[in-house]
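Step one of this worksheet: look at the structure below.
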Amino acid sequence: MKILVVGSGGREHALCWKLSQNPKVERIMCAPGNGGTALIGENIDIKDDDLPALIALAKDQEVDLVVAGPELPLVLGLENALRLEGIPCFGPNAYAANLEGSKAFSKNVMAEAGVPTADFRVFDEYDSAVSFIKERGVPIVIKADGLAAGKGVVVATTEEEALETLNDMMVKQTFGAAGERVVIEEALSGEEASFLAFCDGENYALLPSSQDHKAAYEGDTGPNTGGMGAYSPAPILPEEKYSETAEMCIKPILKYMAAKGEPFKGVLYAGLMYTENGPSVLEYNVRFGDPECQPLLMRLETDLLEIMFACIDGKLDQVNVTSTAQTACGVVIAAEGYPASYPKGMEITGLADADAMEGVKVFQAGTQLKDGKIVTSGGRVLCVTALGDDLEAAQKKAYEAVEKVHFDKSYFRRDIADKGVARLKEL
Ligand code: AMP
Ligand code: GLY
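Heads up: the sequence shown begins at 1 in this note's numbering, then just goes up one per residue.
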């Protein structure tokens, strides 16, 4: 079987690694891929938003399955286009992908489907948005409607910051068309968790809970990043709560999408916040999180290829999706300066030593295979992921493995999973 994985992050390395464990898989292509995916299969130099080239490749190479890692190709309609060609694609259609592609759409769906979420209003007009901010006061959250590479959300703590953000989005159009419309919502506070489910349009199979670390620096300080580390399970969302949580945030969305004739197939990711009044959905993503994917796939016991085809074929109820009881912890090593500008091209050493540790896997993100060496080519460079019998063991092992890997001008947070460890001690 031939598989094409679209994307180039640590998530895509993890997807290729897991898919390659199925003996039916003869060939894996990754577009555009990274240094890690180059070691598992072939990298093809096509960007994740170049739909015509991706579709042509899938046809030419008679690909049996296309797996979309990031949201952009899905929002652009990759699944719809491949379906017309008779090529199976893992990931939702363009309508359902709008759950991530448009924050206004997503919030309206949540409101209609009865999913708990922060109180919100949608604005297309700058002046009314300004009045609303002045009337509501701070803190207040301003979100660009469209995709903004994870930078389109600002939790403003002063009116000045709120108005400046609004001006950037709606007047200066820093995010282009993505900011023509904004969602302004109530600021919530609490601990966050990620809850992901495989979906086949009707049925769902839950993955264990996980927690990302979005801030660049220790103690959740500094600018927001794509994610500096993740672990699973997250003690804030224990297994005994999975079923009721799915009833709250997964099931209503599947029902809503099915009723619209646009069934949601793929991974539905609910970003939750545990407030004083209970859990609230901050956002939906329509794909695996990065870095949550890495610990989740380390724990997944069931064959991923089988799960993906069951999602596409509407047969997820026939697959028993299980994960190991072990805990997984992934620490991202980034290039100094990320998420702003950072140097590239540094040689990475010690990867094989870290990978040789039992229960450790180094997933590569911003890397490139060049003249037989792995060099950095992005901001988030690696996600060093380890399994352990409990969270402290997984965390300890991940950091031991991190110490074996080196490149110039690297940095990582030393407190990944500390919050979970502290919570477990409280219980
Ligand atoms: P989103 O892309 O909507 O998840 O937003 C990214 C991040 O912004 C979230 O992970 C939260 O940390 C924060 N955020 C989003 N919405 C809110 C809110 N209503 N209140 C407080 N923080 C929020
Ligand atoms: N880790 C958060 C995301 O993938 O959106």
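Virtual Cβ for every residue (Gly too), placed ideally from N, Cα, C.
Please state if the CB of methionine 29 and the CB of leucine 65 are separated by a distance shorter than 8 Å.
Walking along the sequence shown from the start, residue 65 turns up at place 65. Walking along the sequence shown from the start, residue 29 turns up at place 29. No; because the gap between Cβ atoms is not below 8 Å, this pair is not in contact.
DSSP three-state label for serine 189, please.
Position 189 of the sequence shown holds residue 189. The answer is coil: DSSP assigns serine 189 none of H, G, I, E or B.
Starting from the N-terminal side, write out each stretch of the alpha helix (DSSP H) that is 4 residues or longer and does not extend beyond the region 265 to 324.
With a minimum length of 4 residues, the continuous alpha helix (DSSP H) runs that stay inside the region 265 to 324 are 293 to 299, 304 to 313.
How big is the Cα-Cα spacing for methionine 229 and valine 321?
Indexing the sequence shown from 1 puts residue 229 at position 229. Indexing the sequence shown from 1 puts residue 321 at position 321. The sequence as given places glycine at residue 229; methionine does not occur at that position. Roughly 24 Å separates the two Cα atoms.
In this structure, does DSSP put glutamine 395 in helix, strand or coil?
The residue given as residue 395 occupies position 395 in the sequence shown. Helix, per DSSP.
Using beta-carbon positions only, say whether valine 6 and proline 92 come within less than 8 Å of one another.
Along the sequence shown, one-based indexing puts residue 6 at 6. Along the sequence shown, one-based indexing puts residue 92 at 92. Cβ distance not < 8 Å, so valine 6 and proline 92 don't count as in contact.
Do you know offhand how far valine 286's Cα is from serine 410's?
Stepping through the sequence shown from its first residue, residue 286 is reached at position 286. Stepping through the sequence shown from its first residue, residue 410 is reached at position 410. Answer to the nearest angstrom: the Cα atoms are 30 Å apart.
Leaving out the 5 sequence neighbours to the left and right, which residues in its chain are closer than 6 Å to alanine 68 when beta-carbon positions are compared?
The sequence position of residue 68 within the sequence shown is 68, counting from 1. Cβ within range, chain order: Val6, Leu74, Leu78, Gly91.
In whole angstroms, what is the alpha-carbon distance linking aspartate 418 and glutamine 294?
The residue you call residue 418 lines up with position 418 of the sequence shown. The residue you call residue 294 lines up with position 294 of the sequence shown. Looking at the two C-alpha atoms, the distance is approximately 18 Å.
DSSP three-state call for phenylalanine 407: helix, strand or coil?
Position 407 of the sequence shown, counted from the first residue, corresponds to residue 407. If DSSP states are grouped into helix, strand and coil, phenylalanine 407 belongs with coil.
I want to check one thing, is the minimum distance from the CB of glycine 101 to the heavy atoms of ligand 1 below 7 Å?
Counting from one through the sequence shown, the residue named residue 101 turns up at place 101. No; taking the cut-off as 7 Å, the Cβ of glycine 101 has no heavy atom of ligand 1 nearer than that.
Mind pulling the beta strand (DSSP E) runs of 3 or more residues that sit fully within the region 72 to 106?
none
Take the Cβ of asparagine 43 as the centre, count every other Cβ of all protein chains shown within 10 Å, and call the residue buried at 16 or more, exposed below.
As a working note, residue 43 is residue 43 in the sequence shown. Residue environment: asparagine 43 is assigned as buried (16 or more neighbouring CB atoms within 10 Å of its CB, all protein chains considered).
Take glutamate 306 and list the residues in its own chain whose beta-carbon comes closer than 8 Å to its own, dropping the five residues that flank it on each side.
Here residue 306 refers to the residue found at position 306 when the sequence shown is read from its first residue. Result list for glutamate 306: Asn22, Val319, in chain order.
Can you tell me whether DSSP reads arginine 413 as helix, strand or coil?
Here residue 413 is taken as the residue at index 413 of the sequence shown, counted from 1. Looking at arginine 413 - three-state DSSP - the assignment turns out to be coil, as it is neither helix nor strand.
What is the residue span of the alpha helix (DSSP H) that proline 444 lies within?
Residue 444 lies beyond the stretch modelled for the chain, which goes from 1 to 427, so this question has no answer here.
Does DSSP put aspartate 127 in a helix, in a strand, or in coil?
Residue mapping note: residue 127 aligns to position 127 of the sequence shown, counting from 1. Three-state result, aspartate 127: helix.
Using CA atoms only, rank isn't needed, just tell me which of Ile140, Leu296, Asp168, Asp303 is closest to alanine 325.
Taking the first residue of the sequence shown as position 1, residue 325 is located at position 325. Considering only alpha carbons, the answer is Leu296.
Let's test the definition: count the other Cβ atoms within 10 Å of the Cβ of serine 209 and tell me whether it reaches 16, buried, or not, exposed.
If you number the sequence shown from 1, residue 209 lands on position 209. Label assigned to serine 209: buried.
So, does the region 251 to 261 touch the region 220 to 236, judging by three or more C-beta pairs under 8 Å?
no
When DSSP labels each residue in this structure, what does methionine 110 get in the three-state scheme?
Residue 110 sits at position 110 when you count from the first residue of the sequence shown. Note: methionine 110 maps to helix in three-state DSSP.
If distances are taken between C-alpha atoms only, which option among Tyr231, Ser341, Val281, Met1 comes closest to threonine 327?
As a first step, residue 327 must be located in the sequence shown, where it is residue number 327. Measuring from the Cα of threonine 327, the nearest candidate turns out to be Tyr231.
Please report how far the alpha carbon of glutamate 191 lies from the alpha carbon of proline 279, in whole angstroms.
Translated into the one-based positions of the sequence shown, residue 191 becomes position 191. Translated into the one-based positions of the sequence shown, residue 279 becomes position 279. Near 10 Å, if we compare the C-alpha coordinates of proline 279 and glutamate 191.
From what residue to what residue does the alpha helix (DSSP H) around glycine 36 run?
Locating residue 36 in the sequence shown gives position 36, counting from the first residue. Where glycine 36 is concerned, the enclosing alpha helix (DSSP H) starts and stops at 35 to 40.
Starting from the Cα of leucine 424, find the closest Cα among Glu392, Arg413, Glu403 and give me that residue.
The residue given as residue 424 occupies position 424 in the sequence shown. Leucine 424 has its Cα closest to that of Glu392, out of Glu392, Arg413, Glu403.
Taking 7 Å as the cut-off, is the C-beta of proline 32 nearer than that to any heavy atom in ligand 2?
Here residue 32 refers to the residue found at position 32 when the sequence shown is read from its first residue. No - ligand 2 has no heavy atom lying nearer than 7 Å to the Cβ of proline 32.
Is the region 198 to 216 touching the region 402 to 409 in the sense that three or more CB pairs, one from each, lie closer than 8 Å?
Look at the beta carbons and you see the region 402 to 409 not touching the region 198 to 216: under three pairs across the two are nearer than 8 Å.
Tell me which same chain residues have a C-beta within less than 7 Å of the C-beta of alanine 270, skipping the five on either side of it?
By 1-based counting over the sequence shown, the position of residue 270 is 270. The answer, listed in chain order, is Phe195, Cys249, Ile250, Val281, Tyr284.
How far does the alpha helix (DSSP H) with proline 223 in it reach, from first residue to last?
Position 223 of the sequence shown, counting from 1, holds the residue named residue 223. First-last for proline 223: 221 to 224, but that is the beta strand (DSSP E), not the alpha helix (DSSP H).
For isoleucine 46, does the three-state DSSP call read helix, strand or coil?
Here the question's residue 46 lines up with position 46 in the sequence shown. The answer is coil: DSSP assigns isoleucine 46 none of H, G, I, E or B.
What number of angstroms, rounded off, separates the C-alpha of phenylalanine 175 from the C-alpha of serine 102?
The count along the sequence shown starts at 1 and reaches residue 175 at position 175. The count along the sequence shown starts at 1 and reaches residue 102 at position 102. Each residue's Cα considered, the two are about 13 Å apart.
Tell me whether asparagine 277 is buried or exposed, calling it buried when 16 or more other Cβ atoms sit within 10 Å of its Cβ.
Translated into positions along the sequence shown, residue 277 becomes position 277. Counting Cβ neighbours within 10 Å, asparagine 277 comes out exposed, since fewer than 16 surround it.
Is the region 334 to 342 in contact with the region 374 to 383, if contact means three or more CB pairs nearer than 8 Å?
yes
Considering only C-alpha positions, which residue in the set Trp17, Glu159, Lys2 is nearest to alanine 38?
Taking the sequence shown and counting its residues from 1, one reaches residue 38 at position 38. Of the listed residues, the one whose Cα sits closest to alanine 38 is Trp17.
Verify the contact flag: leucine 166, CB atom, against every heavy atom of ligand 4, threshold strictly below 7 Å.
Absence of ligand 4 from the depicted structure is noted, with ligand 1 and ligand 2 being the only ligands included.
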